[in-house]
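Colleague:
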Amino acid sequence: MLSKEKDGELDGDVSHRIRTGWMKWKSASGFLCDRGMPTRLKGKFYRIAIRPALLYGVECWAVKQCHIQKMSVAEMRMLRWMCGHTRKDRVRNETIRQRVGVAPIEDKMRESRLRWFGHVPNRPSDAPVRRVEMCGEEAGKRGRGRPKQTWVRGVRSDMLLLGLDEGMTLERTKWRAGIHVKE
Numbered sequence: 006m007l008s009k010e011k012d013g014e015l016d017g018d019v020s021h022r023i024r025t026g027w028m029k030w031k032s033a034s035g036f037l038c039d040r041g042m043p044t045r046l047k048g049k050f051y052r053i054a055i056r057p058a059l060l061y062g063v064e065c066w067a068v069k070q071c072h073i074q075k076m077s078v079a080e081m082r083m084l085r086w087m088c089g090h091t092r093k094d095r096v097r098n099e100t101i102r103q104r105v106g107v108a109p110i111e112d113k114m115r116e117s118r119l120r121w122f123g124h125v126p127n128r129p130s131d132a133p134v135r136r137v138e139m140c141g142e143e144a145g146k147r148g149r150g151r152p153k154q155t156w157v158r159g160v161r162s163d164m165l166l167l168g169l170d171e172g173m174t175l176e177r178t179k180w181r182a183g184i185h186v187k188e
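If you count the sequence shown from 1, you need to add 5 to reach our numbering.
1. Within the chosen definition, does the stretch 89–96 reach the stretch 48–62 through at least 3 CB pairs nearer than 8 Å?
2. To the nearest angstrom, how far is the alpha carbon of T174 from that of R40?
3. Identify whether S20 lies in helix, strand or coil by the three-state DSSP scheme.
4. Should K29 and I55 be called a contact, given that it needs their Cβ atoms to be closer than 8 Å?
5. Does A108 come out as helix, strand or coil in the three-state DSSP assignment?
6. Quick check: the stretch 72–91 against the stretch 100–111, are at least 3 beta-carbon pairs closer than 8 Å?
7. Is P152 helix, strand or coil by DSSP?
8. So what does DSSP say about L167, is it helix, strand or coil?
9. Using a threshold of 8 Å, state whether the C-beta atoms of R45 and G106 are closer than that.
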């Protein structure tokens with residue numbers, strides 16, 4: 006459920022998604038903490054049941070770096086717990102991800118956002134989903150300080166990072182191959 010707070014921030018939504026992910030994780034913790042279960046199987050369960058709860062609705066968010074950090078911290082705590090490691094064990098995050106077979110949540114958030122963006126240009130110009138292109142672009146004088154992060158700015162920076170352009174959205178196979186994140 007996407008419910009922007011009064012000032013347009015997403016902190017409440019991010020916290021809610023993290024709580025939901027932990028509730029899913031705790032309901033399956035008997036299986037996930039069992040040392041007799043293969044780690045890859047735990048990772049597969051995480052990808053199927055827990056990560057979708059964390060990422061629900063993320064394609065609509067204008068995320069900031071602090072939101073990405075909160076999601077990454079929650080994910081790594083879950084993955085470390087599944088592997089039976091703590092931060093004191095000094096095992097690198099990449100090593101744990103490799104053992105479990107899970108891609109970083111930041112990359113999955115980007116993939117989800119870009120997958121949603123791929124559908125937007127293919128819709129007629131009067132479709133309600135096209136209104137997202139105008140979101141955050143308010144006329145008039147802007148206040149002092151850094152401009153607020155908008156969904157469109159986030160998508161543009163994601164496309165720049167992956168070397169994609171808007172014209173590729175019309176070629177679905179190329180677009181999907183360009184945004185896909187391998188586990």
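Just so it is clear, CB atoms sit at the ideal spot from N, CA and C, and this is done for glycine as well.
Note that the coordinates shown come from a computational prediction; the quantities given were computed from them, not determined experimentally.
Modeller: So, to answer that:
1. Too few Cβ pairs lie closer than 8 Å, so no.
2. Start at 1 with the first residue of the sequence shown, and residue 174 comes out as number 169. Start at 1 with the first residue of the sequence shown, and residue 40 comes out as number 35. Going by the C-alpha atoms only, they are around 44 Å apart.
3. In the sequence shown, the residue the question calls residue 20 occupies position 15. The answer is helix: DSSP assigns S20 an H, G or I state.
4. Translated into the one-based positions of the sequence shown, residue 29 becomes position 24. Translated into the one-based positions of the sequence shown, residue 55 becomes position 50. Against a cut-off of 8 Å, the Cβ pair of I55 and K29 comes out as a contact.
5. Position 103 of the sequence shown, counting from 1, holds the residue named residue 108. If DSSP states are grouped into helix, strand and coil, A108 belongs with coil.
6. yes
7. Residue numbering aside, residue 152 sits at position 147 when the sequence shown is read from its first letter. Here P152 sits in coil by DSSP.
8. Taking the sequence shown and counting its residues from 1, one reaches residue 167 at position 162. Secondary structure of L167 (DSSP, three-state): helix.
9. Along the sequence shown, one-based indexing puts residue 45 at 40. Along the sequence shown, one-based indexing puts residue 106 at 101. It is a contact, given that the beta carbons lie within the stated cut-off.
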